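Okay, so here's the structure we're looking at.
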Amino acid sequence: MLIFILRRVLLMIPVLLGVTLVTFVIVRSIPGDPVEVLLGADRRSTPEQIEAIRQSYGLDQPLPVQYVKWLGHVVQGDLGQSLRTKRPLTEELRLRLPVTIQLTIFAGILASIPALLVGVLAALKRNTGIDYLATVVTLIGISVPSFLLATLLVLLFSFELKILPPIGYRTFGDDPVQNLKTMILPSVSLGLPLAAVLMRITRSSVLEVMGQEHVRTARAKGLPRSRVLMRHVLPNAGIPILTVAGIQVANLLGGTVIVEQIFGLPGVGRYVYEAIANRDYPVVQSVTLVLAFLFVLVSLVVDVLYAVLDPRLRHA
Amino acid sequence: MSRFTRSPASPLSSRTSRRTALALGGSLAAVPIFGPSAIHAGALQDATPVPVSGGTLRVGVQGDPTELDPHLTVLAAAGLVVGLVYEGLVEVDPELVPRPALAESWDVSADDLTFTFALRPGVTFHNGRPLVASDVVYSFERIRNPETGSPSASYVSGIASMETPDERTVVITLASPDSSFLSKLAFWGVSILPREEVEKTGDLTQTMVGTGPFTFTEYVPNTRIVLGPNAAYWQPGKPYLDGVELNIVPEDTSRTTALVSSTVDMIEQVPHKDIAILESDDAIVLAGNRTTNLRWLTFNTRKPPFDSVDFRQAVARAMDRQPIIDAAVFGYGEPLIGLYPEAFWAGYTGEIPPVDIEGAIALLAGVSLPSDFRPRLLTWSQYGFLSSTSVVVQEQLRQVGIEAEIDAQENGIYIENYFTGNFDIAVMGASGYMDPNEYLEQSFKTDGVNNAAGYSNPELDALLEQGLVETDQAARAEIYQQAQQIVIEDAPWISLYTSDTYEGLRSNVKGFTHMLSGGLEMLRDTWLDG
Numbered sequence: 001m002l003i004f005i006l007r008r009v010l011l012m013i014p015v016l017l018g019v020t021l022v023t024f025v026i027v028r029s030i031p032g033d034p035v036e037v038l039l040g041a042d043r044r045s046t047p048e049q050i051e052a053i054r055q056s057y058g059l060d061q062p063l064p065v066q067y068v069k070w071l072g073h074v075v076q077g078d079l080g081q082s083l084r085t086k087r088p089l090t091e092e093l094r095l096r097l098p099v100t101i102q103l104t105i106f107a108g109i110l111a112s113i114p115a116l117l118v119g120v121l122a123a124l125k126r127n128t129g130i131d132y133l134a135t136v137v138t139l140i141g142i143s144v145p146s147f148l149l150a151t152l153l154v155l156l157f158s159f160e161l162k163i164l165p166p167i168g169y170r171t172f173g174d175d176p177v178q179n180l181k182t183m184i185l186p187s188v189s190l191g192l193p194l195a196a197v198l199m200r201i202t203r204s205s206v207l208e209v210m211g212q213e214h215v216r217t218a219r220a221k222g223l224p225r226s227r228v229l230m231r232h233v234l235p236n237a238g239i240p241i242l243t244v245a246g247i248q249v250a251n252l253l254g255g256t257v258i259v260e261q262i263f264g265l266p267g268v269g270r271y272v273y274e275a276i277a278n279r280d281y282p283v284v285q286s287v288t289l290v291l292a293f294l295f296v297l298v299s300l301v302v303d304v305l306y307a308v309l310d311p312r313l314r315h316a
Numbered sequence: 317m318s319r320f321t322r323s324p325a326s327p328l329s330s331r332t333s334r335r336t337a338l339a340l341g342g343s344l345a346a347v348p349i350f351g352p353s354a355i356h357a358g359a360l361q362d363a364t365p366v367p368v369s370g371g372t373l374r375v376g377v378q379g380d381p382t383e384l385d386p387h388l389t390v391l392a393a394a395g396l397v398v399g400l401v402y403e404g405l406v407e408v409d410p411e412l413v414p415r416p417a418l419a420e421s422w423d424v425s426a427d428d429l430t431f432t433f434a435l436r437p438g439v440t441f442h443n444g445r446p447l448v449a450s451d452v453v454y455s456f457e458r459i460r461n462p463e464t465g466s467p468s469a470s471y472v473s474g475i476a477s478m479e480t481p482d483e484r485t486v487v488i489t490l491a492s493p494d495s496s497f498l499s500k501l502a503f504w505g506v507s508i509l510p511r512e513e514v515e516k517t518g519d520l521t522q523t524m525v526g527t528g529p530f531t532f533t534e535y536v537p538n539t540r541i542v543l544g545p546n547a548a549y550w551q552p553g554k555p556y557l558d559g560v561e562l563n564i565v566p567e568d569t570s571r572t573t574a575l576v577s578s579t580v581d582m583i584e585q586v587p588h589k590d591i592a593i594l595e596s597d598d599a600i601v602l603a604g605n606r607t608t609n610l611r612w613l614t615f616n617t618r619k620p621p622f623d624s625v626d627f628r629q630a631v632a633r634a635m636d637r638q639p640i641i642d643a644a645v646f647g648y649g650e651p652l653i654g655l656y657p658e659a660f661w662a663g664y665t666g667e668i669p670p671v672d673i674e675g676a677i678a679l680l681a682g683v684s685l686p687s688d689f690r691p692r693l694l695t696w697s698q699y700g701f702l703s704s705t706s707v708v709v710q711e712q713l714r715q716v717g718i719e720a721e722i723d724a725q726e727n728g729i730y731i732e733n734y735f736t737g738n739f740d741i742a743v744m745g746a747s748g749y750m751d752p753n754e755y756l757e758q759s760f761k762t763d764g765v766n767n768a769a770g771y772s773n774p775e776l777d778a779l780l781e782q783g784l785v786e787t788d789q790a791a792r793a794e795i796y797q798q799a800q801q802i803v804i805e806d807a808p809w810i811s812l813y814t815s816d817t818y819e820g821l822r823s824n825v826k827g828f829t830h831m832l833s834g835g836l837e838m839l840r841d842t843w844l845d846g
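First to last, the protein sequences are chains W and G. The working numbering numbers the first residue of the first sequence as 1 and each following residue consecutively. The working numbering numbers the first residue of the second sequence as 317 and each following residue consecutively.
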């Protein structure tokens, strides 16, 4: 097991290196540069003045040099600073990463608990009214995009009922009540589509395992249903569910942009999105690296959990 | 237009300043820039209420400033905050008339080249230090210095020399006469800063130290900017508020919701789609409407058939502005044909001709078009109103037999395409003029910095130069009328409309005045009534 983890950690290095290279190349290939975006389309500056701004940003060095320099800083723990704000990126991430992580965790919990319960229930009560109801609800959940759901929730709970604020995020340390109040609607917006997906996979996975021979054998042995469920069905059904859950939750890390925008949350998704729009290269490169690292970490955790669930994998 | 938002009388510190100012621009002080505009059926403010001190005003703003140094950014979102914390020698009033700010008065030499500004006494920066003449020189030198990389350098690049004969006098000499100079000094990008604060960290991007009514407390990126009151502000008794909290809410629906649910007391940029909802809410008042924005079509006159005046005139005749306004801004706008609206002192006063489909088709018959002609209509996907505009324009072009393709691009790509001439027709918008010379010179003068059309007309160039030298406002207005006439005839651009902008206020917010520039400077006169 230990060797397994160690190997995976070592593999991270070429993966992350590849990510930085691809990110660098792609973002530099997009037309437009930070100075053009800064000036906007309503230009008041002469070409000479524009060149002066470019120089003050340090954008005149050759590209490979810029890449290597940045990489050199990164391995020493210096993620650089934003071109626009000059704020160090470690500071920016310290502000924004917790927001997105909190959002992801809340969405994940809000999604998985009902999804697992309903999914198992739907599988056990297959083709009954409960199953059909669950199917309809999850189809809606999968079809409604998270940003539409977010807007509808804002209109209902903030505009009409006025019981939850649409904006006004504070950190948990600052104001825990406000923090929770401003996190509910965004978490639900992200969680509901996720719950829908998880419910479907839970249901189909449980059904599949229930149809297998070892389950029939266990029932034939006279084991009570609950024991068959807990001891034989769920652990086996767990693996595909875990796969899907892992991917979906990891995706959330970068996919929270629109929800963060709608609710005014200072998260990482929004930060990277705006950095791309502003061509703030150091931000895009460093933050993408951090997100990639987290993604790889999450998948490592998922793989370790597989081994926990499935003893056959423990000595792989 | 000031019917809903009348500020309590705030005396200008010196009447003599208006007299010397008058020497510069004729009837600068008295003539309102924009005439009375449509009055809304919403609740109106009292004419003479008594200001109450105290309370923090929570405002919902649309954009994130990202950096706060006035000399290093031109983002409108930054300008909003800068306008509350910093000041310049001159400011503009809600109707764009320049008036004294940090300069109490000024004299202009007979040759219109030398301005002698007398600084207002008793002004201190937020760090406690009194304002002196060398602060002005320092600030302008910083902007002019190429090493600073300031996008506002052109505003002060016409200055030939500056002197400070004493601590309260600044003498600025221009290289050539410039009737728009005072307007340039009123731009927030050339605000006056204290040198010692800049030198602490190299710039003032993440903190703010000015002379304005509000002081900087904190900036939480993407979230909020918190400002406190300047107890030593030079306007006695102001600001009435204990502070301003600017909450960043880019999403339209969230911003409106924040106002309706009292999460904020005020919002800027009321989404046009929500105006009707807010008007019917008794607890909310709308302030607005005219603002200095423009929306238009740019032709790339470097390539055929867009280099043909007949082609451009044909497109001009096919444009029906009201449906565009209805689609793009829900009807809250005014058609334009010249560059500036008629209510502006330099606005174009000619009529907008009705749509002329037959005339357009007739003109097109004389232009040689490539087979399978599908001009690219470049539009900016970030702005819904521009996308809507492009869709209606495409439909109107179809009526005269031109099948255009909409090419919606993201911010950075749009800008690069626009300025490298990689487009056929561009749907564009901008805002924030203060002097008529600005857009005319930047966009239509040969080699103008904003001349994306690639247009050049020596007759227009000469006219614009004349407009800068002329000091009598009525004479300038006539010059700019002629200039706009030339632009209409040559049609490198087709002006379409200007859209209304509103702020939404809860009914307990008093004393606010909408500014034509869209800024929030009048928050210094605002108070919370309960």
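Ideal Cβ positions, reconstructed from N, Cα and C, are used throughout, including at glycine. None of the values given here were measured: they were computed from a predicted structure.
Each of W:A275, W:V9, W:G246 was checked against the Cα of V257 of chain W, and the nearest Cα belongs to W:A275.
Contact between the stretch 544-551 of chain G and the stretch 436-443 of chain G is present: three or more C-beta pairs spanning the two stretches fall below 8 Å. Of the candidates W:G141, W:V284, W:I142, W:E48, W:V284 places its Cα closest to the Cα of R28 of chain W. The C-beta of F172 of chain W has fewer than 16 other C-beta atoms within 10 Å across all chains shown, which makes the residue exposed. When Cβ-Cβ separations below 9 Å define contact, G376 of chain G makes contact with chain W. The beta carbon of E534 of chain G sits closer than 6 Å to those of V542, all from its chain and outside the five residues before and after it, given in chain order. For F24 of chain W, the closest alpha carbon among the candidates W:D303, W:S286, W:G72, W:A111 is that of W:S286. In chain order, L384, V401, F532 place their CB closer than 6 Å to the CB of M524 of chain G, counting only its own chain and leaving out the 5 sequence neighbours on each side. Judged by their CB atoms, G465 of chain G and L520 of chain G are not nearer to each other than the 9 Å cut-off. From the beta-carbon of T182 of chain W, no residue of chain G is found nearer than 8 Å; the closest lies around 10 Å away. At least one CB of chain W lies nearer than 9 Å to the CB of A746 of chain G. CA-CA distance, F431 of chain G to G745 of chain G, rounds to 34 Å. In this structure, the CA atom of G119 of chain W is about 8 Å from the CA atom of L198 of chain W. If you check the CB distance, V37 of chain W and G728 of chain G come in under 9 Å. For Y402 of chain G, there is no enclosing alpha helix (DSSP H), since its DSSP letter is neither H nor E. The continuous alpha helix (DSSP H) containing F147 of chain W extends over residues 146-153.
Under a 10 Å Cβ-count criterion, P266 of chain W is classified as buried, with 16 or more other Cβ atoms of the shown protein chains found around its own Cβ. By the CB criterion at 9 Å, T382 of chain G and T85 of chain W fall inside the cutoff.
With at least 16 other beta carbons inside 10 angstroms of its own, L447 of chain G counts as buried.
For the pair L655 of chain G and V631 of chain G, the CB atoms are not nearer than the 9 Å cut-off.
When DSSP assignments are scanned along the stretch 753-825 of chain G, the uninterrupted stretches of beta strand (DSSP E) that are 3 or more residues long and fall wholly within it turn out to be 809-815, 817-822. Within the stretch 694-745 of chain G, the complete beta strand (DSSP E) segments at least 3 residues long are 721-725, listed from N- to C-terminus.
In the DSSP assignment, A592 of chain G falls within the unbroken alpha helix (DSSP H) covering 591-595. By the criterion of a C-beta distance shorter than 8 Å, I167 of chain W is surrounded in its chain by T182, F263, G264, once the five residues flanking it on both sides are discounted. Contact between D740 of chain G and G604 of chain G does not hold, since the beta-carbon distance rounds to 35 Å and is not under 8 Å.
Of all residues in the stretch 565-585 of chain G, only V565, P566, E567, T569, S570, R571, T572, T573, A574, V576, S577, S578, T579, V580 come within less than 9 Å of chain W when Cβ atoms are compared, listed by chain position. For F159 of chain W, the residues of chain G that pass the 7 Å Cβ criterion are T573, V576, S577, in the order they occur in the chain.
When DSSP states are grouped into helix, strand and coil, R692 of chain G belongs to the strand group.
Distances from the alpha-carbon of I593 of chain G to those of G:F689, G:R606, G:D581, G:V576 put G:V576 closest.
The continuous stretches of beta strand (DSSP E) do not include D175 of chain W, and DSSP gives it neither H nor E.
Of the candidates G:L844, G:A469, G:Q801, G:L844 places its Cα closest to the Cα of R822 of chain G. H588 of chain G sits buried, since 16 or more C-beta atoms from the chains shown fall within 10 Å of its C-beta. Less than 9 Å divides the Cβ of D806 of chain G from the Cβ of N773 of chain G. The stretch 635-644 of chain G and the stretch 706-724 of chain G touch, with no fewer than 3 CB-CB distances between them shorter than 8 Å. Beta-bridge annotation (DSSP): V536 of chain G is paired with G:R540. Burial check for Q212 of chain W: the Cβ neighbour count within 10 Å stays below 16, so the residue is exposed.
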